[in-house]
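Working notes for the structure below.
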Amino acid sequence: MDRRGFLAAGAASLAGLSGCLGVIAEDAFDVGMTSNAFVPRESIAVPDHAPDWVPRGVPTHRATVGDPVVWENTGSRNHTVTAATPAHSTVEEMLDIEHTHGSGGHSGDEHHGEPTTTTESHDDHDHSHDAEPTTTTDSHEDHDHAHDSEPSGAGAADSAPYRLPTGAAFFASGGFDDEVNAVRSFVEELGGGGAISPGEQFVHTFEVPGWYHYYCIPHLAAGMVATVYVE
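Heads up: the sequence shown is residues 1 to 231, going by the numbering used here.
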């Protein structure tokens with residue numbers, strides 16, 4: 001059901017995973033990743049009829065059910081693609097992020113590029129800091145989390161009740177089963193579990209229509225968030 005993987009840019013194996021992508025060119029991807037931003041090739045505006053929890057003003061890629069979406073790290077820093085779920089407040093606590101777009105978070109930049117303004121060391125250190133999470137996020141469709149709070153503005157992820165469409169699978173680079181384990185692996189493993197290195201790609205096929213909010217673990221505090229709208 002889920003097809004996800006890391007593939008070196010231009011690798012022939014991508015054609016097998018991506019089907020309709022065919023011959024692989026250097027720019028054969030749907031969403032690029034710069035130092036602290038996701039950059040869809042064609043970003044759409046979030047329509048008025050979208051659920052209230054969907055953040056407005058963030059990069060949004062439109063996809064079709066059954067077609068793979070390809071992310072490529074076009075920058076010089078390690079990144080992740082990690083779906084936001086109801087466990088997101090726990091994640092912010094783990095990363096010591098007081099606000100999703102505030103300071104804190106592990107950069108994952110030890111080996112690539114200049115340091116980001118919001119970094120934190122690979123946390124075998126103490127993750128139980130005093131900052132209280134201000135983001136509530138929903139995911140695994142099997143949980144019934146119908147929160148009422150609304151996004152606090154363009155690009156804001158604070159207090160947003162993120163969720164995955166009913167029946168949809170969690171997705172994250174590294175193939176983790178849930179958001180907390182994805183973040184824990186990145187924080188605790190040397191080199192960052194699930195990290196997408198510069199020049200590498202991550203592929204995921206969405207099988208359920210709806211809205212999916214996701215982020216980069218090491219650059220969440222810098223506002224590296226985005227959305228996929230699947231039709």
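The beta-carbon is built from N, C-alpha and C at its ideal position, and this holds for glycine as well. Here the structure is a predicted model, which means the values were calculated and not measured.
Along the alpha helix (DSSP H) that carries residue i, what are the first and last residues, could you check?
i	result
alanine 182	179 to 188
threonine 166	Note, threonine 166: premise wrong, no alpha helix (DSSP H); not H, not E.
Am I right that residue i and residue j are in contact with their C-beta atoms under 8 Å? What's the rounded C-beta distance?
i	j	result
phenylalanine 171	serine 185	Not confirmed; about 15 Å, so no contact.
proline 40	valine 31	5 Å
phenylalanine 206	valine 81	Phenylalanine 206 to valine 81, Cβ: 12 Å. No contact.
glutamate 231	proline 209	6 Å
isoleucine 196	histidine 88	The Cβ separation is near 20 Å, so there is no contact.
glutamine 201	glutamate 72	5 Å
tryptophan 211	valine 54	5 Å
proline 218	glycine 194	So it is not a contact: roughly 10 Å between Cβ atoms.
proline 62	serine 35	Residue identity differs from the one stated: residue 62 is arginine in this sequence, not proline. In fact, because the Cβ distance is near 24 Å, the residues do not count as touching under 8 Å.
glycine 174	alanine 168	Their Cβ separation, rounded to whole angstroms, is 18 Å, which puts glycine 174 and alanine 168 out of contact at 8 Å.
tyrosine 214	alanine 83	5 Å
leucine 220	isoleucine 97	6 Å
methionine 33	threonine 85	About 21 Å; that fails the 8 Å criterion.
methionine 94	valine 203	In fact, because the Cβ distance is near 26 Å, the residues do not count as touching under 8 Å.
DSSP has residue i in a bridge; who is on the other side?
i	result
arginine 56	Partner(s): none; arginine 56 has no beta bridge.
asparagine 73	Met33
histidine 79	Ile196
proline 51	Beta-bridge pairing links proline 51 to no other residue.
alanine 28	Answer is none; alanine 28 lacks a bridge partner.
valine 65	Valine 65 is not bridged to any residue.
Kindly indicate the opening and closing residues of the beta strand (DSSP E) around residue i.
i	result
methionine 33	31 to 33
threonine 90	Run containing threonine 90: none in the beta strand (DSSP E); it sits in the alpha helix (DSSP H), 88 to 94.
threonine 227	225 to 230
glycine 174	Here glycine 174 belongs to no beta strand (DSSP E), and DSSP marks it neither H nor E.
phenylalanine 38	38 to 40
glycine 210	210 to 215
Hey, does residue i have any beta-carbon neighbour from chain C nearer than 9 Å?
i	result
glutamate 72	Among the chains in the structure shown there is no chain C, since it carries only a single protein chain.
* With contact counted as at least three CB pairs below 8 Å, one residue from each stretch, are the stretch 65 to 77 and the stretch 160 to 167 in contact? -> Between the stretch 65 to 77 and the stretch 160 to 167, the count of C-beta pairs closer than 8 Å stays below three; the two stretches do not touch.
Does the stretch 53 to 64 come close enough to the stretch 222 to 231 that 3 or more CB-CB pairs lie under 8 Å? Between the stretch 222 to 231 and the stretch 53 to 64, the count of Cβ pairs shorter than 8 Å is three or higher; the stretches touch.
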